[in-house]
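Enquirer:
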Amino acid sequence: MAYFLQQLINGLTLGSIYGLIAIGYTMVYGIIGMINFAHGEIYMIGAFISIIAFLMLGLAGVTYVPLVLVLVLLTTMFFTSIYGWAVERIAYRPLRGSFRLAPLISAIGMSVFLQNYVQIFQGARVKPMPPLVQGGFTVFESGGFAVRLSYLQLFIMLLTLVLMIGFTTVIATTPLGRAQRACEQDMRMAALLGVDVDRVISLTFVMGAALAAVAGLMFTLYYGVVDFFIGFLAGVKAFTAAVLGGVGSLPGAMLGGILIGLIEAFWSGYFSVEYKDVSVFVVLVLVLVFCPTGLLGRPEVEKV
Amino acid sequence: MTAASGFVSGQVVRPPALWAPILKDAIIAALVAVLLALPLVGLQTYDIGGGALGIRTHFDWVALAAVAVFAGRLAFRVLHQLHRGHRRRSAARLARLAAWGNRQVLPITLAGIGFAVALPFLPFSSRYLIDLGTTVLIYVMLGWGLNVVVGLAGLLDLGYVAFYAVGAYTFGLLTRDLDFTFWEALPFSGLVAASFGIILGFPVLRLRGDYLAIVTLGFGEIIRIVLLNWAPVTGGPNGIGGIPRPSFFGLSFARSAPEGLTTFHQFFGIDFSPDHRVVFLYFVILAMALVTNAFTLRIRKLPVGRAWEALREDEVACRALGINPTTVKLSAFAIGAMFGGFAGCFFATRQGFISPESFTFIESATILAIVVLGGMGSQMGVVLAAILLVSLPEFGRAFAEFRMLIFGAAMVGVMVWRPRGLIAHRAPTLRLDASPTR
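For the record, the sequence lines run as chains V and Y.
The first sequence begins at 1 in the working numbering and counts up by one.
The second sequence begins at 1001 in the working numbering and counts up by one.
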């Protein structure tokens, strides 16, 4: 029971990270109907920028932990958003209206490019990061096994919750959110009614990148090591999460992320660590085959 | 011709060029470049020992990037502005060139094959060059195999390397446990890979294009992870070594044969040279690649080949005409996988050693890049792209480091400027404009 609870906590933490990335996938898919394959790379860039920001603050002599966290969070979100914006502007916007697979291939190219760009300029070695937030408390103890909830895990879950609430509010109440929902339903009609579709799509990428940046920062804090290759697996897993929750649905993305996190945590807790990635891919295949609309998605009707 | 332009005595009067917005645009582009480069190029992390990181600044590179982007964007916009009419003309010139190329397909093909056959005997050829040629041909074969799936059937397969791996490991296991030779194992490699294609394809081929892409990617990773972790059978990260080289009708290419066997050089009464094997390997893969090509070209004219292309263009219409999309897609998948398996078998015998490291996603992306850059569905384009991408890093260390970077940029660039690839096979006769805004 205690072991189960511990895996639950680990899974929820992991799931929060995946969920934040998954939102970027699901929003972009909802609006322009493409898989932003480079999104995992954006997350990786977020992790790198956060580690650089930590180092710079350390050099500048800022040591008060909450201040450091807030500053790093803001800088990481800012710089990563620009990457998200630039990727859309360079690789996707010229392809709107091109044939079906063109944006996806372009996205794969972008992903390969960004991975190697970071590898060349930041080096292929793993970047270590000393733990910043330490300590935690014991939730309960049974049979000599203590269930620990570290402050960091708490921080990750709470931050995810806050971001989710803020984000849902933006989508539900602001003019931008309204424009996004309009574009999702019918882009051409939205354009006719005076919505600046290009701008809405750009901002969607910016928002997705900002959330991925937060996920990257969490990854840096949680695992303490970053390398240029983390975006690939995390990207695929987050995409799986988006599919599981139903592509196009925001609560679905978060739910899917948490489920994927839980599956991964329980799989490595009870079965084997080596095959934990396989478990996620198997889930992806099963969901797509048996329930392609996901848990909270709407069925997709193909129009001729 | 835009609606804004008017006619004066038969000549088009262009609206005056607006320089201010162009300059502003270039400045904004440069600013974005600075913001992009600042954290990742301008501030570089490096190990300072003891598990800690230090930061090196490279603001000169950031400035360089800004200037380059500014100049590039400015030049692009100015040229665009000056050559508004010329764009159409250059497109027409390209189209003429492509049409000429299509008419001259037979002579070009024959010349290419002739060159490929003669390559080992040309005066300037060397062992290194033949080795490079062999590598290029492996990628050509893989590209042609993937072209069946991506180019003809329009199914984006991001896990093609899985079939390559299955082919290689089939041979590796057969030779390790059952002492199969290359020629005995070759059909099995193709067969097993094709079966894997069917096993994977059966459940997932109902998915739409981009879902399929992700699932195939997942499949490729599953195969790699299993190869890596199932150590008792696959050797895990150490892979399988000691894979035998192919023989020439039972004649081996060793310096001296074991009792009762003859070697190639003894049989033909020539001096032993290690180059014989290299040249032989080259011809084996050349023959395999040409068979792949001939097969593809022929099957394209059969009903199933026609169905692939029809399916690529419009699945709903195909279904209405009574084509069963699942079986048609499955056949494309299985045939593409089979060629991947053959190529894998050859890879194993050439290297003599296989490990999961050779079958990563990057390999899939490389093969896909070859198909895409060449022009999906174009056999000749695959050859050109393979030569370009494989030999690029051979020109210098600098290129080798930037190889994948250039790959990625080229994939994006080709999609943006020539979405149908360098050598477009053909444009669809009828195209519905699907762009929502514009």
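The C-beta atom is built at its ideal place from N, Cα and C for all residues, glycine as well.
Could you give the distance in angstroms between the alpha-carbon of M1001 of chain Y and the alpha-carbon of L1023 of chain Y?
Expert: Mapped onto the second sequence, residue 1001 of chain Y falls at position 1. Mapped onto the second sequence, residue 1023 of chain Y falls at position 23. Low confidence applies here, because M1001 of chain Y scores a pLDDT of 40, under 50, leaving its location unreliable; read the following figure in that light. About 25 Å.
Enquirer: Once you ignore the five residues that flank A2 of chain V on each side, which residues in its own chain have a CB closer than 8 Å to its CB?
Expert: If you number the first sequence from 1, residue 2 of chain V lands on position 2. For A2 of chain V, where only same-chain residues beyond five positions count, the Cβ hits under 8 Å are F140, E141, S142, G143, F145, A146 and V147.
Enquirer: Can you pull the chain V residues whose beta carbon is under 8 Å from the beta carbon of L1053 of chain Y, in chain order?
Expert: Sequence index remark: in the second sequence, residue 1053 of chain Y carries index 53 (1-based). Simply I51, L55, K127, P128 and M129.
Enquirer: DSSP beta-bridge partners for R148 of chain V?
Expert: As a position in the first sequence, residue 148 of chain V is number 148, starting the count at 1. V:T138, per the DSSP bridge assignment.
Enquirer: Let me check one thing: in DSSP terms, what residues is G1049 of chain Y bridge-paired to?
Expert: One-based indexing of the second sequence puts residue 1049 of chain Y at position 49. According to DSSP, which records beta bridges pairwise, G1049 of chain Y is partnered with Y:A1052.
Enquirer: Between Y:N1229, Y:F1182, Y:V1215 and Y:G1218, which lies nearest to F1248 of chain Y when the distance is taken from Cα to Cα?
Expert: Stepping through the second sequence from its first residue, residue 1248 of chain Y is reached at position 248. Of the candidates Y:N1229, Y:F1182, Y:V1215 and Y:G1218, the one whose C-alpha sits nearest the C-alpha of F1248 of chain Y is Y:F1182.
Enquirer: Can we say the stretch 202 to 213 of chain V touches the stretch 82 to 98 of chain V, given the rule of at least three CB pairs closer than 8 Å?
Expert: Output reads yes: the stretch 82 to 98 of chain V touches the stretch 202 to 213 of chain V.
Enquirer: By the 10 Å Cβ neighbour count, where 16 or more other Cβ atoms means buried, how is L1018 of chain Y classified, buried or exposed?
Expert: The residue given as residue 1018 of chain Y occupies position 18 in the second sequence. Answer is exposed; the Cβ neighbour count stays below 16.
Enquirer: Return helix, strand or coil for F239 of chain V, following the three-state DSSP convention.
Expert: Your numbering for residue 239 of chain V matches position 239 in the first sequence. Helix at F239 of chain V.
Enquirer: What span of residues does the alpha helix (DSSP H) with E41 of chain V cover, start to end?
Expert: Here residue 41 of chain V refers to the residue found at position 41 of the first sequence. H39 to A60 is the span of the alpha helix (DSSP H), which, as asked, contains E41 of chain V.
Enquirer: Going straight from the alpha carbon of C183 of chain V to that of G1236 of chain Y, what length do you get?
Expert: Here the question's residue 183 of chain V lines up with position 183 in the first sequence. Here the question's residue 1236 of chain Y lines up with position 236 in the second sequence. Going from the Cα of C183 of chain V to the Cα of G1236 of chain Y covers about 49 Å.
Enquirer: Mark Y270 of chain V as exposed unless 16 or more other C-beta atoms lie within 10 angstroms of its C-beta, in which case mark it buried.
Expert: Sequence index remark: in the first sequence, residue 270 of chain V carries index 270 (1-based). Answer is exposed; the Cβ neighbour count stays below 16.
Enquirer: Which residues in chain V have a C-beta closer than 9 Å to the C-beta of G1408 of chain Y? List them in chain order.
Expert: The sequence position of residue 1408 of chain Y within the second sequence is 408, counting from 1. Simply I108, G109, M110, S111, V112, F113, L114, Q115, N116 and Y117.
Enquirer: Can you find a C-beta in chain V that's less than 8 Å from the C-beta of T1057 of chain Y?
Expert: Along the second sequence, one-based indexing puts residue 1057 of chain Y at 57. By this cut-off, T1057 of chain Y is not an interface position.
Enquirer: So is N116 of chain V buried or exposed if we call it buried at 16+ other beta carbons inside 10 Å?
Expert: Locating residue 116 of chain V in the first sequence gives position 116, counting from the first residue. When all chains shown are included, N116 of chain V counts as buried.
Enquirer: Please confirm if I1214 of chain Y has its CB atom under 8 Å from at least one CB of chain V.
Expert: Translated into positions along the second sequence, residue 1214 of chain Y becomes position 214. Yes, contact with chain V.
Enquirer: Can you name the residues of chain V whose CB is closer than 8 Å to the CB of A1068 of chain Y?
Expert: Along the second sequence, read from residue 1 onward, the residue named residue 1068 of chain Y stands at position 68. None at all; the shortest Cβ gap to chain V is about 15 Å.
Enquirer: Should A1066 of chain Y and V1034 of chain Y be called a contact, given that it needs their Cβ atoms to be closer than 8 Å?
Expert: The residue labelled residue 1066 of chain Y in the question sits at position 66 within the second sequence. The residue labelled residue 1034 of chain Y in the question sits at position 34 within the second sequence. It is a contact, given that the beta carbons lie within the stated cut-off.
Enquirer: Need the endpoints of the alpha helix (DSSP H) that G11 of chain V sits in, please.
Expert: Position 11 of the first sequence, counting from 1, holds the residue named residue 11 of chain V. First-last of the alpha helix (DSSP H) with G11 of chain V: A2 to I32.
Enquirer: Do we get a CB-CB distance below 8 Å when we pair Q1044 of chain Y with the residues of chain V?
Expert: Numbered from 1 along the second sequence, position 44 holds the residue referred to as residue 1044 of chain Y. Output row for Q1044 of chain Y: interface = yes.
Enquirer: Could you tell me whether the Cβ of G257 of chain V comes closer than 8 Å to any Cβ of chain Y?
Expert: Translated into positions along the first sequence, residue 257 of chain V becomes position 257. No - not a single Cβ of chain Y is within 8 Å of the one on G257 of chain V.
Enquirer: With distances taken Cα to Cα, identify the nearest neighbour of A1068 of chain Y among Y:I1027, Y:H1058, Y:A1348 and Y:C1318.
Expert: For this step, residue 1068 of chain Y is matched to residue 68 along the second sequence. Ranking the options by Cα distance to A1068 of chain Y, first place goes to Y:I1027.
Enquirer: How is P128 of chain V classed by DSSP in three states: helix, strand or coil?
Expert: The residue labelled residue 128 of chain V in the question sits at position 128 within the first sequence. Of the three classes helix, strand and coil, the one that applies to P128 of chain V here is strand, per DSSP.
Enquirer: Reducing DSSP to helix, strand and coil, say where T1057 of chain Y ends up.
Expert: The residue given as residue 1057 of chain Y occupies position 57 in the second sequence. Three-state result, T1057 of chain Y: strand.
Enquirer: G123 of chain V versus chain Y: which residues are under 8 Å apart at the beta carbon?
Expert: Position 123 of the first sequence, counted from the start, is the residue given in the question as residue 123 of chain V. Result: Q1044, T1045 and Y1046.
Enquirer: Given a limit of 9 Å on CB to CB distance, which residues of the stretch 249 to 280 of chain V reach chain Y?
Expert: From the stretch 249 to 280 of chain V, only S272, E274, Y275, D277, V278 and V280 have a Cβ closer than 9 Å to chain Y.
Enquirer: Could you please give the first and the last residue of the uninterrupted alpha helix (DSSP H) stretch that includes G294 of chain V?
Expert: The sequence position of residue 294 of chain V within the first sequence is 294, counting from 1. From DSSP, G294 of chain V is part of no alpha helix (DSSP H); its letter is neither H nor E.
Enquirer: Return the CA-CA distance between G58 of chain V and M1141 of chain Y, expressed in angstroms with no decimal places.
Expert: The sequence position of residue 58 of chain V within the first sequence is 58, counting from 1. The sequence position of residue 1141 of chain Y within the second sequence is 141, counting from 1. Using only the alpha carbons, I get a separation of about 53 Å.
Enquirer: Going by alpha carbons, who is nearest to A1029 of chain Y out of Y:R1056, Y:F1070 and Y:G1054?
Expert: Counting from 1 along the second sequence, the entry for residue 1029 of chain Y is found at position 29. The shortest Cα separation from A1029 of chain Y among Y:R1056, Y:F1070 and Y:G1054 belongs to Y:F1070.
Enquirer: Which residues in the same chain have their Cβ closer than 8 Å to the Cβ of P130 of chain V, if we skip the five residues on either side of it in sequence?
Expert: By one-based count along the first sequence, residue 130 of chain V stands at place 130. Contacts found: G224.
Enquirer: At a CB-CB cut-off below 8 Å, which residues of chain V make contact with V1204 of chain Y?
Expert: For the purposes of this step, residue 1204 of chain Y is taken as the residue at position 204 of the second sequence. In chain order: V285, L288 and V289.
Enquirer: Spell out whether any CB of chain A is found under 8 Å from the CB atom of A213 of chain V.
Expert: Looking at the structure shown, chain A is missing, and the protein chains on hand are V and Y.
Enquirer: Residues of chain V with CB closer than 7 Å to the CB of A1162 of chain Y, please, in chain order.
Expert: Counted from its first residue, the second sequence places residue 1162 of chain Y at position 162. Residues of chain V passing the Cβ test: none, with the nearest at roughly 12 Å.
Enquirer: Taking the Cβ atom as the reference point for each residue, do Q180 of chain V and I31 of chain V lie within a distance shorter than 8 Å?
Expert: For the purposes of this step, residue 180 of chain V is taken as the residue at position 180 of the first sequence. For the purposes of this step, residue 31 of chain V is taken as the residue at position 31 of the first sequence. In this structure, I31 of chain V lies closer than 8 Å to Q180 of chain V by Cβ.
Enquirer: Nearest-angstrom Cα distance between L1097 of chain Y and L1110 of chain Y?
Expert: Translated into the one-based positions of the second sequence, residue 1097 of chain Y becomes position 97. Translated into the one-based positions of the second sequence, residue 1110 of chain Y becomes position 110. Cα to Cα, L1097 of chain Y sits roughly 19 Å from L1110 of chain Y.
Enquirer: Who are the Cβ neighbours of I1138 of chain Y in its own chain at under 7 Å, not counting the five residues just before and after it?
Expert: Counting from 1 along the second sequence, the entry for residue 1138 of chain Y is found at position 138. Only I1285, A1343, F1346 and F1347 meet the Cβ criterion.
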